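Each step along the sequence shown adds one to the number in my numbering, with nothing skipped, and position 227 is 209. Even for Gly, the Cβ is constructed at its ideal location relative to N, Cα and C. Since we're looking at a predicted model, the values are computed, not measured. Report on the following structure.
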Amino acid sequence: MAKSTDSETLSKHIRDSMRDDILSGRWAPGEKLQLAALSKHYQTSSTVIREALTRLVGDRLVLLKPNRGFFVPTLSLAELKDINELRCRSEEFGIGLAIERGDLAWESELIAAHHTLERTPYRDASDAQLTEAWNHAHQVFHAKLLEACGVPVLIDLCSTLSDLSQLYGRWAGNATRYTKRDIAREHRDILNAALQRDAKAASRLIREHYEITLNAILKSGIDDGTAQHGNAPAKV
């Protein structure tokens, strides 16, 4: 039993590490993920690597091409818009249920998640990229917003869409940096709407929050060819 538990823990650790590396832009969209190179990088067996990649295929963060191997997926701008729309609709529905079902404990945890997000440094020392700590706090805050909905399938879907959004966010480079947005205020407004149990306002604010980033990417002048080669990571 102990060996089985250790194996599962290792597998999850490698999968989580690989997921983080894909989302941070370690490999370009469309790049092949070589088993031997990955085994060396993560210092584990090819069996563990293959299992992690297979799990990530299920999360849509890795693409399996028959007889060719595993690849980082690429997305077209048309898919980008579809993903964003599905994300908006899913989270609009989810926040409505969360506001209806959430209790005082949920409110307290939501406030705590927002506090962490607001106090976490936004950009790195070079002011060129968002910090990994902020990206993590951002995802935790948005996940906490939906947590009280009590629908695991919906929560999993929204998590997958969030990851996919991060994948295409790197295409934009710094495109979203000059939108004159006040992202801290956007999060405060969403939080306040949730705490006031105003589902209509919370839904509208979440959609606006995501569409600001989407529109910045679409207006940045990148095309599908540029996207497939990737730019500096830019999380959304």
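CA-CA distance, residue i and residue j?
i    : j    : result
R167 : A125 : 18 Å
T26  : K47  : 23 Å
G132 : A80  : 7 Å
C70  : F52  : 29 Å
I199 : L15  : 27 Å
D180 : I188 : 12 Å
L127 : H169 : 11 Å
A175 : I165 : 15 Å
D106 : L99  : 15 Å
R32  : L17  : 7 Å
How would you write the range of the alpha helix (DSSP H) that residue i sits in, first residue to last?
i    : result
R189 : 181 to 200
D171 : 165 to 177
Rank the options by C-alpha distance to the C-alpha of residue i and give the top, closest one.
i    : options              : result
I93  : Q178, A198, E(-10)   : Q178
R101 : H120, G78, L38       : H120
D145 : G76, T36, A183, I65  : I65
E114 : Q148, C70, V44       : Q148
T68  : I199, L139, Y150     : Per the sequence shown, residue 68 should be read as Leu rather than Thr. For L68, the nearest C-alpha among the options comes from L139.
R163 : A176, H96, A34, T195 : T195
G78  : V54, S58, K63, R186  : R186
Determine the burial state of residue i: buried for a count of at least 16 other Cβ atoms within 10 Å of its Cβ, exposed for fewer.
i    : result
P134 : exposed
A184 : buried
E73  : buried
T56  : buried
R83  : exposed
A87  : exposed
>> Ignoring anything shorter than 4 residues, give me the alpha helix (DSSP H) runs that lie fully in the stretch 61 to 147, in order along the chain.
In response: 86 to 101, 114 to 129
>> List, from N- to C-terminal side, the beta strand (DSSP E) runs of 3 residues or more that fit wholly inside the stretch -6 to 72.
In response: Correct list: 45 to 47, 51 to 53.
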